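Here the sequence shown is numbered in our numbering, starting from 22 and rising by one per residue. Backbone N, C-alpha and C fix where the C-beta goes; we use that ideal spot for every residue, glycine too. From a predicted model like this one, the values you see are computed outputs, not experimental measurements. Since the structure comes first, as structure tokens, the remarks are kept for the end.
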Amino acid sequence: MYIACAVLAVPEDKRSAYEQAAAFMADWSMKHGALEVMEAWEVDVPEGKKTDYRQAVQAGEGEKIVTGWVIWPDKETFEKAHEAMAKGEGFEGHPGGEPPFDGSRLIFGMFEPVLTRGR
22 MYIACAVLAV PEDKRSAYEQ AAAFMADWSM KHGALEVMEA WEVDVPEGKK TDYRQAVQAG
82 EGEKIVTGWV IWPDKETFEK AHEAMAKGEG FEGHPGGEPP FDGSRLIFGM FEPVLTRGR
């Protein structure tokens with residue numbers, strides 16, 4: 022299992038545009054071998070004393086924290102999908118226009134699980 026995780030700040034008034042873009046990318050990822058895609062919109066994200074989600078992505082006034090992950094069966098499947106993405110394969114019908122968030126403040130990383138329980 023190989024997991025791509027992200028944390029970002031999205032202006033509250035761009036939630037609908039974000040959800041459309043996220044749905045497109047979720048479908049694209051599933052077509053390219055992802056096992057699961059999850060996106061979550063902030064409900065209760067407390068401020069920390071030393072650091073927190075807001076500070077990590079430099080969230081401004083009116084921005085909400087969004088986090089999510091894509092679970093891939095293995096690193097190789099992710100890498101093939103990443104190559105397809107770099108070539109723009111399967112992006113016909115992608116919602117156009119500017120991204121509904123500032124990508125320069127996005128936190129993104131790849132992980133291998135050390136523990137799983139449940140589902």
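**Item:** Nearest-angstrom Cα separation, counted from residue 37 out to residue 107
**Value:** Looking up residue 107 in the sequence shown gives position 86. Looking up residue 37 in the sequence shown gives position 16. So the two alpha carbons sit approximately 25 Å from each other.
**Prompt:** Any heavy atom of the ligand FAD within a distance shorter than 6 Å of the CB on residue 47?
**Reply:** Absence of the ligand FAD from the depicted structure is noted, as is the absence of any ligand whatsoever, leaving it without description.
**Asked** Which residues share a DSSP beta bridge with residue 58?
**Response** Numbered from its first residue, the sequence shown carries residue 58 at position 37. DSSP, once it has assigned bridges, lists 91 as partnering residue 58.
**Asked** What residue from 34, 61, 57, 125 has the CA that sits closest to residue 140's CA?
**Response** Taking the first residue of the sequence shown as 1, we reach residue 140 at position 119. Nearest neighbour of residue 140 by Cα position, chosen from 34, 61, 57, 125, turns out to be 57.
**Message:** Please identify the residue among 114, 116, 126, 46 whose C-alpha is closest to the C-alpha of residue 28.
**Reply:** Indexing the sequence shown from 1 puts residue 28 at position 7. Nearest C-alpha to residue 28 among 114, 116, 126, 46: 126.
**Asked** Going by C-alpha distance, which of 67, 136, 61, 118 is nearest residue 26?
**Response** Walking along the sequence shown from the start, residue 26 turns up at place 5. Looking at the Cα atoms, 61 is the closest of the given residues.
**Message:** So, does the segment 84-101 touch the segment 30-45, judging by three or more C-beta pairs under 8 Å?
**Reply:** The segment 84-101 vs the segment 30-45: in contact.
**Prompt:** Count the other CB atoms within 10 Å of the CB of residue 129; is the residue buried (16 or more) or exposed (fewer)?
**Reply:** Working through the sequence shown from its first residue, we reach residue 129 at position 108. Around the C-beta of residue 129, fewer than 16 other C-beta atoms lie within 10 Å, and the residue is accordingly described as exposed.
**Request:** Would you identify the three-state DSSP class for residue 84, choosing helix, strand or coil?
**Result:** Indexing the sequence shown from 1 puts residue 84 at position 63. It is a strand residue.
**Prompt:** What's the C-alpha gap between residue 66 and residue 104?
**Reply:** To locate residue 66, count along the sequence shown from 1; it is residue 45. To locate residue 104, count along the sequence shown from 1; it is residue 83. Near 34 Å, if we compare the C-alpha coordinates of residue 104 and residue 66.
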